[in-house]
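Chains as they are written, first to last, in my numbering: chain A, -9 to 464; chain B, 2 to 403.
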């Protein structure tokens, strides 16, 4: 486990501030020496936490000062003529009066915008890699409807040529998920989106694993002729049976962990993961389109005493936004996808805006290697659609849909998602207003590392796959 | 009766008008009469009794024309019984014209037209020779009322999607296409022998060979899907051999050979936001559309997700972000596709005499901040309603009022 500085106490103060002041705010504990480990979570069972560990290390970089830009903090501010300083992977100061250390790289942000790094909570990069042949089709263990035992990181291919494309779109963190063929598809991988040889080097230190679950048509379609489930009621029974088994498993282990009487119970990978869901350490990330099914899933979560962190796709979230707000479950949505299947028929442009208005957490996700490259545009589409319908969405809220709110869905909101002192330096410099169709990411910093520079070919990573693929030899 | 006649005259006044066929005109009037554009300019007299639409501060453009998708041919792509875009069986389906499969009541039509898309190509699916695509306006209670041109193009596929039709090889695909064209040519000159069975077996049905005659005469364009550079070059080669009027669609690696495509005088349909590499096009990239435009290729933009044809706006804006000029992009969603499909005498620009497909935007049509104030299709002021606006109104406040 890589140790990260403890930043949560600092942030609590800053978030509470939430003012529109443009003056610089600096971290109260800038010294890297105060590096108390504070992983967001750990498998409390102690059996799996130390396995398959992250080997992520921060890339060393000089401090960077981006000056005279419009800075959208995703924490309530849009600072004109603002500067942002980051050092050793951490944001040091944001405001209109920020001094650069003598060794800082100074970037002129005139006419440009700055946002936090883009976070996509629903990606299949690496598990459904390009060029998209059967050989790279590693996203659905579609052999039985409950495969809580599989982990997306064990499929993830770091040389997927789609990864650099997403980086060019400003993406710094993804949740790579198993597909939606199964009722319970397996564990997600929460990753820093950086060039790497192994997935271990990309694993976000301390991130909560997600559990992919899927409602509706897909499991029915895949298993309807293969022993079931073949109906939505069959889907529900499948989830419940799986969690009932996990309850028994958890009780056995909890008892043994307490008294260590006799031999330890036999390990079971499937139940190990589901027990962690019951303990609240793994977050449920639930593919679910229809309002009525989301309501069923909220009841299911209550039956077993866990929370659904977010419904993904959630094209009908607007119909039950009040229930989502009540239960503290987020909705991860597309801005305008609809109609490609029956359970997607009722998608509307105003979905995210209505969810926001109801007080639930709204998120714009991609589920798509193309869409992940322009989540800022999708959020803009959703924001303006809401405004045209008379729903007053702010620009800051729209930016939060692809930064702070996905950080919350992944349990990383104390570490990334906003531009505030103490946060990890995941920073995007845009050529213009990121809520305009004409803006493109100019520079992308991941933990302070310049992973992409539109104007510098030495900072335009390519995966191995792409090498030598430049077309016919001249 | 008088009121009815007067209602046929509409004056859109005060807007910034982008005729496309010429430079933008500030504070101009677009006069619509009986479904056609009667006049465009700054000194247009508005007849008494005309319906006036104040477009001050607004942008006025031709309706957008998308040369892709299956509008009207499929309601839900995952539900087969709502899909009319292909006939199963023969990979040579030249006689298959999709027109009578179009459902004027499709909910996709209203969803997309209220965001400025007024005309689309309805394209068959399939492999090798997919059938005949038709051009439709997104308004009308009947197929006849919607039809703009049928057929507008014969559609063929030389991408990897057709390999099975060629026995598993691209070379087989090209060979089979040539065989069908040869047979169509022979059929065209020896119909009587064909009927008397005094001719060797031909590789397609009489109906298909008949349908290919206007293609061989160069009257009906052959729209070929090709993405890999070598497939694009195969299409150019075959078109040259048979003197076909070729349109290329997809063209993902076209940016490698804009000169070849331009020299052949072949127009292209490109989806700007397509950049995910596959073995069909490892060289695919965002800069394709701008590089083709810069190379002098006649280019139209497309959005291939039928249910979201409305995102043609976003495709165009991104083409600009990737290096196309704004004027090129606007032309690529209006007048150029009209030219490519042979309807520029009626569509694609704001000029007197043209069909009144006109959109009044609140700003730059490619920007997300821009909404649509009015859409006119054949002069009808389209109600800005769709299934989606009704869902919004139903659930705007919870619980809904059923």
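For every residue, glycine included, the Cβ atom is placed at its ideal position computed from N, Cα and C.
Only a predicted model underlies this, so the values are computations on that prediction, with no experimental measurement involved.
Span separating the alpha-carbon of residue i from that of residue j
i             : j             : result
residue 447/A : residue 190/B : 59 Å
residue 150/B : residue 349/B : 14 Å
residue 327/B : residue 261/B : 25 Å
residue 153/B : residue 133/B : 7 Å
residue 398/B : residue 376/B : 28 Å
residue 211/B : residue 129/B : 17 Å
residue 20/B  : residue 352/B : 7 Å
residue 66/A  : residue 386/A : 6 Å
residue 158/A : residue 90/A  : 27 Å
residue 123/B : residue 65/B  : 15 Å
residue 408/A : residue 50/A  : 22 Å
residue 392/A : residue 115/A : 17 Å
residue 450/A : residue 444/A : 7 Å
residue 400/B : residue 280/A : 16 Å
residue 322/B : residue 335/A : 31 Å
residue 6/A   : residue 77/A  : With a pLDDT of 30 at residue 6/A, under the threshold of 50, the modelled position of that residue is not reliable, and the figure given next carries that caveat. So the alpha carbons of these two residues sit roughly 24 Å apart.
residue 355/A : residue 165/A : 10 Å
residue 269/B : residue 298/B : 7 Å
residue 192/A : residue 113/A : 15 Å
residue 23/A  : residue 196/A : Residue placement at residue 23/A cannot be trusted, given a pLDDT of 30 that sits under 50; what the coordinates show is reported in the next sentence. Going from the Cα of residue 23/A to the Cα of residue 196/A covers about 19 Å.
residue 12/A  : residue 62/A  : Unreliable placement is indicated for residue 12/A, whose pLDDT of 35 sits below 50; no coordinate value is reported for it.
residue 465/A : residue 374/A : Because chain A spans -9 through 464 in this model, residue 465/A falls outside it and cannot be assessed.
residue 117/A : residue 74/B  : 33 Å
residue 336/B : residue 135/B : 17 Å
residue 50/B  : residue 304/B : 39 Å
residue 113/B : residue 314/B : 11 Å
residue 188/B : residue 218/B : 13 Å
residue 301/B : residue 329/B : 9 Å
is_contact[residue i, chain E] using C-beta, thresh 8 Å
i            : result
residue 97/A : The displayed structure is made up of protein chains A and B, and chain E is not among them.
Nearest neighbour of residue i, chosen from the options [CA to CA]
i             : options                       : result
residue 57/A  : 424/A, 458/A and 420/A        : 420/A
residue 306/B : 196/A, 328/A and 342/A        : 328/A
residue 88/A  : 55/A, 305/A and 109/A         : 55/A
residue 101/B : 146/B, 291/B and 47/B         : 146/B
residue 120/A : 141/A, 156/A, 191/A and 110/A : 156/A
residue 435/A : 72/A, 62/A, 368/A and 80/A    : 80/A
residue 97/A  : 304/A, 184/A, 418/A and 425/A : 418/A
residue 252/A : 242/A, 182/A, 154/A and 296/A : 242/A
residue 214/B : 73/B, 192/B and 226/B         : 192/B
residue 16/B  : 41/B, 23/B and 10/B           : 41/B
residue 388/A : 399/A, 221/A, 365/A and 284/A : 365/A
residue 269/A : 237/A, 249/A and 132/A        : 237/A
residue 240/B : 256/B, 220/B and 254/B        : 220/B
First and last residue of the uninterrupted alpha helix (DSSP H) at residue i
i             : result
residue 49/B  : No alpha helix (DSSP H) holds residue 49/B; DSSP gives it neither H nor E.
residue 211/A : 207 to 213
residue 368/A : 365 to 378
residue 399/A : 394 to 399
residue 193/B : 192 to 196
Enclosing beta strand (DSSP E) for residue i [first to last residue]
i             : result
residue 420/A : 417 to 420
residue 57/A  : 54 to 62
residue 153/A : Residue 153/A -> not in any beta strand (DSSP E); alpha helix (DSSP H) instead, spanning 152 to 158.
residue 436/A : 431 to 436
residue 165/A : 161 to 166
residue 30/B  : 26 to 34
residue 131/A : Neither: residue 131/A is in no beta strand (DSSP E) and is coded neither H nor E.
For this session: With 8 Å as the limit, tell me which residues of the segment 278 to 305 of chain B have their beta carbon closer than that to any beta carbon of chain A; keep them in chain order.
Result: 278, 279, 280, 283 and 284
For this session: Mind checking the segment 59 to 87 of chain B against chain A and listing, in chain order, the residues whose C-beta falls within less than 7 Å of any C-beta there?
Result: 77, 78, 79 and 80
Problem set entry | Start-end ranges of the alpha helix (DSSP H) lying completely within the segment 243 to 296 of chain A, minimum 4 residues | 259 to 268 and 281 to 294
For this session: Counting only runs of 4+ residues fully inside the segment 207 to 233 of chain B, write out the alpha helix (DSSP H) ranges in chain order.
Result: 207 to 212 and 214 to 217
Problem set entry | Segments of 4+ residues assigned as alpha helix (DSSP H) that fall wholly inside the segment 264 to 342 of chain B | 289 to 295, 313 to 322, 327 to 332 and 336 to 341
Exercise. Of all the alpha helix (DSSP H) runs that stay within the bounds of the segment 304 to 351 of chain A, which reach a length of 4 or more residues?
Worked result: 311 to 317 and 341 to 347
For this session: Compile a chain-ordered list of the residues in the segment 170 to 202 of chain A whose CB is closer than 7 Å to at least one CB of chain B.
Result: none
Exercise. Between the segment 379 to 393 of chain B and chain A, which residues of the former have a C-beta closer than 7 Å to a C-beta of the latter?
Worked result: 389, 392 and 393
Problem set entry | Ranges of the beta strand (DSSP E) found wholly within the segment 133 to 178 of chain B, counting only runs of at least 3 | 148 to 158
Problem set entry | Within 7 Å of chain B by C-beta, residues of the segment 298 to 323 of chain A in sequence order | 308, 309, 311 and 312
Exercise. Enumerated in chain order, which unbroken segments of the beta strand (DSSP E) with a length of 3 residues or greater are wholly contained in the segment 56 to 111 of chain B?
Worked result: 60 to 63 and 65 to 67
Problem set entry | Where the segment 360 to 393 of chain A meets chain B: residues whose CB sits under 7 Å from a CB there | 360, 367, 370, 371, 374, 378 and 379
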